[in-house]
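Chemist:
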Amino acid sequence: MFEPEPSYEQLLERCRKAEAFIDAMGGESALRDQGASLAAHDRLLSAILANTPVMVACLDLQFNFLWVNEAYAAATHRPPASFVGQNHFALYPHDENQSIFQRVVDTGESYVVSGRPFDHPDQPERGTTYWDWTLTPIKDPDGAVHSLVLTLADATERVIAQNSLRESE
């Protein structure tokens, strides 16, 4: 539908309402303070994610990488930017894991596993490694899943030690 252009009086009234809203929220300085606080929070969160030894990746609902941290990139011997837009399962094919990822998207429930074996298709010299990992759905305010956070921690030494202990007993 076509709506007529607002009159000068209507525009003036909208401006008054906007000014009243800004005043009610504490004025422009409060908005600047909130912006500065959000920026500081963003810097802190970015520093934490960049410097944690845990591998962290954010994926879209088709399992394409949106972001990886330095630990993820270092473990895979690739720069972080090389992941963006790449599909996780094109790089690391694994039907069972792909089913798990899809189940998290479909149910909105996190998945947590400890000591799961993995063979690296791009690094066969590594042999089988073991990983603790979580896949957490990120939801919008209405509860719909819009992305996923994957965290991984290398558990190979722990699993090998546990297996050795079990065998020796």
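Here the sequence shown is numbered in numbering that gives the first Met the number 0, starting from 0 and rising by one per residue.
The beta carbon of each residue, even a glycine, is placed where N, CA and C say it ideally should be.
For LEU90, which residues from the same chain have a beta carbon less than 6 angstroms from its beta carbon, with the 5 sequence-adjacent residues on both sides left out?
Modeler: One-based indexing of the sequence shown puts residue 90 at position 91. Hits under 6 angstroms: none found.
Chemist: Among residues of its own chain, excluding the 5 on either side of PRO79, which ones have a beta-carbon nearer than 8 angstroms to its beta-carbon?
Modeler: Here residue 79 refers to the residue found at position 80 when the sequence shown is read from its first residue. Contacts found: TRP66, VAL67, ASN68, GLU69, TYR71 and ALA72.
Chemist: Taking the alpha-carbon of TYR110 as reference, which of GLU95, SER36, GLU156 and ASP141 has the nearest alpha-carbon?
Modeler: Taking the sequence shown and counting its residues from 1, one reaches residue 110 at position 111. Measuring from the Cα of TYR110, the nearest candidate turns out to be GLU95.
Chemist: Nearest to MET54 by CA position, among TRP130, GLN61, GLN161 and LEU60, is which residue?
Modeler: Translated into the one-based positions of the sequence shown, residue 54 becomes position 55. Residue TRP130 is the option with its Cα nearest to MET54.
Chemist: Name the DSSP beta bridge partners of ASN63, please?
Modeler: Translated into the one-based positions of the sequence shown, residue 63 becomes position 64. Answer by DSSP bridge pairing, in chain order: ASN86.
Chemist: Buried or exposed for MET0, going by 16 or more other Cβ atoms inside 10 Å?
Modeler: Taking the sequence shown and counting its residues from 1, one reaches residue 0 at position 1. The predicted position of MET0 is uncertain, since its pLDDT is 49 and thus under 50; a value taken from the coordinates is nonetheless stated next. Exposed.
Chemist: Would you tell me roughly how many angstroms separate the C-alpha atoms of HIS119 and GLY34, rounded to the nearest one?
Modeler: As a position in the sequence shown, residue 119 is number 120, starting the count at 1. As a position in the sequence shown, residue 34 is number 35, starting the count at 1. The alpha-carbon atoms of HIS119 and GLY34 are separated by roughly 43 angstroms.
Chemist: Quick one: is the Cβ of HIS119 within less than 7 angstroms of any heavy atom of the ligand SAM?
Modeler: Judged by which ligands are present, the structure shown has none, so any question about the ligand SAM falls away.
Chemist: Once the 5 residues before and after ASN50 are set aside, which same chain residues still bring their CB inside 6 angstroms of it?
Modeler: Taking the sequence shown and counting its residues from 1, one reaches residue 50 at position 51. Same-chain partners within the cutoff: there are none.
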